[in-house]
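Residue numbers (the working numbering): 9 to 360.
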Ligand SMILES: NC(=O)c1ccc[n+]([C@@H]2O[C@H](COP(=O)([O-])OP(=O)(O)OC[C@H]3O[C@@H](n4cnc5c(N)ncnc54)[C@H](O)[C@@H]3O)[C@@H](O)[C@H]2O)c1
């Protein structure tokens, strides 16, 4: 294999569940990545997935997979969060590995993961993939060419109905919305603007599901006096599809973009995305244009998160952009958001 041929590196998948079948493997097929093996504790699931995606090797145990994997193997983990550390412990020292998000269920677990991959000198990254969605890559092209100017406003606004009950493990989870959903937007904002100075948040439960943790959130990522970054999510809009919406708006000194992303609309059916942008021109009225973007968040963004690991493993980049060292900051923002919500706002004082 040529050192530059990162797409030829053999990928070994751990976990053959929903996200692997609906996003990882469809994305890798589009990208032409080389998936060589799969293991799931439920062997039948691994067999079915292997048959559906022509994966040549199915293993009965993780040890068997690790023993069979060549030195240049890249491991792709998509197991329930609690399994992350036990699985990592069994992977070889120095292995290249993509972990599913979130990076643990809180900042202490994230730190334990970071410590473990450092001890094992792994090339480890996290599957925060919204930053690689085709419409975000288009924004980055505009940014790199300086065409949006200096960013001053990022807003993500989601008003949808999300059937949380479909994910059994969320029923009793201590954290739901920010940890499993808004985390994507937090990671995206960080990817666009860097780390915030601090985070303010209020995350709220809903009367129709009083036993669940909070399912709606308002998060302000603080970038000082001149830059505004807000995330607003309501997953409890039960009033039909006409007013469901979900957009990412990015404003800069020279232009702006609004992405209406359809993945969450009328869940799980989804709706089409749209990409609209405006570039300011001296002496002209701003004119919004629409651009057709090939591909969407699911599954196409999953190409980018794996490609970073492959590029690092092939020696083409020093560190994956979504490395654990970067993503620990997304986890720190999540932790700060929950802490801010618990701490509460400033009370009213009408005493003279
Ligand atoms: N990045 C994203 O957008 C995104 C989306 C959905 C889920 N996820 C994450 O992906 C992970 C998997 O989610 P899912 O929806 O596919 O869940 P799932 O329950 O459908 O699949 C998990 C699979 O892992 C297997 N498994 C459990 N322990 C294992 C172990 N020790 N070794 C091998 N296999 C094991 C299970 O048998 C199951 O087949 C979770 O951590 C979830 O939070 C991420």
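Note that the Cβ used here is the ideal one computed from N, Cα and C, for glycine as well.
Asked                                                                                                                                                        : Found
Please name the residue in 247, 160, 251 whose C-alpha comes closest to that of residue 236.                                                                 : 160
Comparing C-alpha positions only, which one of 197, 229, 268, 43 sits nearest to residue 206?                                                                : 229
Is residue 77 near ligand 1 - that is, is its Cβ less than 8 Å away from at least one heavy atom of it?                                                      : no
In angstroms, rounded to a whole number, what distance separates the CA positions of residue 179 and residue 254?                                            : 24 Å
If you drop the 5 nearest sequence neighbours on each side, which residues of the same chain put their C-beta closer than 8 Å to that of residue 4?          : Here the chain has residues from 9 to 360 only, and residue 4 is not among them.
If the criterion is Cβ atoms closer than 9 Å, does the pair residue 164 and residue 272 meet it?                                                             : no
Scan the segment 86-122 and note each continuous beta strand (DSSP E) run of 3 residues or more that stays entirely inside, going in chain order.            : 104-107
Shorter than 8 Å, the distance from the beta carbon of residue 53 to the closest heavy atom of ligand 1, or not?                                             : yes
Taking the straight line between their C-alpha atoms, what separation do you get for residue 10 and residue 41?                                              : Caution is warranted here: a pLDDT of 48 is assigned to residue 10, below 50, making its placement in the model unreliable, and the coordinate value is therefore given only provisionally. Near 15 Å, if we compare the C-alpha coordinates of residue 41 and residue 10.
Taking a contact to mean a Cβ-Cβ separation below 9 Å, would you say residue 1 touches residue 77 in this structure?                                         : Because the chain is modelled from 9 through 360, residue 1 falls outside the range shown and cannot be assessed.
Can you grab the Cα-Cα spacing for the pair residue 14 / residue 319, in whole Å?                                                                            : 6 Å
Cα separation between residue 294 and residue 283?                                                                                                           : 16 Å
Give the DSSP-derived three-state secondary structure of residue 80 in the structure shown.                                                                  : coil
Look at the Cβ atom of residue 138, then the Cβ atom of residue 332, and state whether they are nearer than 9 Å.                                             : no
My assumption, with CB atoms under 8 Å, is that residue 218 sits in contact with residue 34. Please give the rounded CB distance.                            : With a Cβ gap of about 37 Å, residue 218 and residue 34 do not count as contacting.
Report the residue from 59, 54, 340 whose alpha carbon sits nearest the alpha carbon of residue 70.                                                          : 54
Using 8 Å for Cβ pairs, my map puts residue 349 next to residue 209. What's the rounded Cβ distance?                                                         : 5 Å
Using the rule of at least 16 other Cβ atoms within 10 Å of the residue's Cβ for burial, across every protein chain shown, is residue 166 buried or exposed? : buried
Look up residue 284 in the DSSP assignment and give the residues it is bridged to.                                                                           : 266, 298
Quick check: is any heavy atom of ligand 1 less than 8 Å from the C-beta of residue 137?                                                                     : yes
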